[in-house]
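These notes are about the structure you will find just below.
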Amino acid sequence: MSGRRARREPPWRSLAAFWLVAGTMHFVRPRFYDAIMPRALRRWARPITYASGVAELAGGAAVLHPHTRGLARWWLLATLAAVYPANVEMVLRPERFPQIPRWALCARLPLQFLAAWHAWRGTAR
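Per my numbering, residue 33 is the first one in the sequence shown, and the count goes up by one each step.
Have a look at this one:
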């Protein structure tokens with residue numbers, strides 16, 4: 033480089049990949065997502081699992097095009113807020129998830145905020 037600082041590209045590629053994989057997993061392993069549904073919503077677990085998978089896929093796809101990234105930002109932030117209760121459910125009922133260490137269940141809560149920051153940065157213009 034000729035002494036100039038390189039402009040860093042916002043992390044939209046990694047953001048899109050994350051959400052596309054995450055959304056796909058709702059269809060690959062729906063029982064896992066059904067199991068983390070808060071009790072009040074468990075009656076509709078499978079439709080909600082699929083709807084959240086579609087929401088994540090739509091958000092990941094929207095990140096791919098510059099004209100839809102602004103919408104993707106708000107869509108993904110709303111999606112993160114909507115799925116946060118499932119992460120709380122996992123912390124409150126760790127006995128239902130013996131395959132996941134307790135520390136990992138707790139770590140999911142602050143990681144949601146890291147995911148929100150990634151959505152914010154990855155959709156920056």
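C-beta atoms are modelled at their ideal positions from N, C-alpha and C, and glycine is treated no differently.
Need the endpoints of the alpha helix (DSSP H) that Q144 sits in, please. By 1-based counting over the sequence shown, the position of residue 144 is 112. Looking at the DSSP string, the run of the alpha helix (DSSP H) that includes Q144 is R134 to G154.
For L124, count the other beta carbons within 10 Å of its own beta carbon; 16 or more makes it buried, fewer makes it exposed. Which is it? Walking along the sequence shown from the start, residue 124 turns up at place 92. Exposed is the call here.
In chain order, what residues of the same chain have a beta carbon less than 7 Å from the beta carbon of P147, not counting five sequence neighbours either side? As a position in the sequence shown, residue 147 is number 115, starting the count at 1. Going by the sequence as given, residue 147 is Ala instead of Pro. The answer, listed in chain order, is L112.
Could you check if W44 is buried or exposed, using at least 16 other CB atoms within 10 Å of its CB as the buried criterion? Along the sequence shown, one-based indexing puts residue 44 at 12. With 16 or more Cβ atoms within 10 Å of its Cβ, W44 is classed as buried.
Please give me, in chain order, every unbroken run of the alpha helix (DSSP H) with length at least 4 that falls completely inside the segment 44-128. 44-60, 62-67, 77-95 and 101-124
Check each candidate in I68, R105, P126 and F129 and name the one with the smallest Cα separation from V115. The sequence position of residue 115 within the sequence shown is 83, counting from 1. Of the listed residues, the one whose Cα sits closest to V115 is I68.
Determine, using beta carbons only, whether W51 and G92 come nearer to each other than 8 Å. By one-based count along the sequence shown, residue 51 stands at place 19. By one-based count along the sequence shown, residue 92 stands at place 60. Yes, these two residues count as a Cβ contact at 8 Å.
Kindly indicate which residue of T100, A104, L96 and M57 has the alpha-carbon position closest to the one of T81. For the purposes of this step, residue 81 is taken as residue 49 along the sequence shown, with counting starting at 1. With distances taken between Cα atoms, T81 lies closest to M57.
Beta-carbon contacts of L73 that lie in its chain and below 7 Å, excluding the five residues immediately before and after: For the purposes of this step, residue 73 is taken as residue 41 along the sequence shown, with counting starting at 1. Cβ neighbours of L73 beyond the five flanking positions: I80.
Cut-off 7 Å between Cβ atoms - residues of its own chain near A77, not counting five sequence neighbours on either side: Sequence index remark: in the sequence shown, residue 77 carries index 45 (1-based). Excluding positions up to five away in sequence, the list reads D66 and M69.
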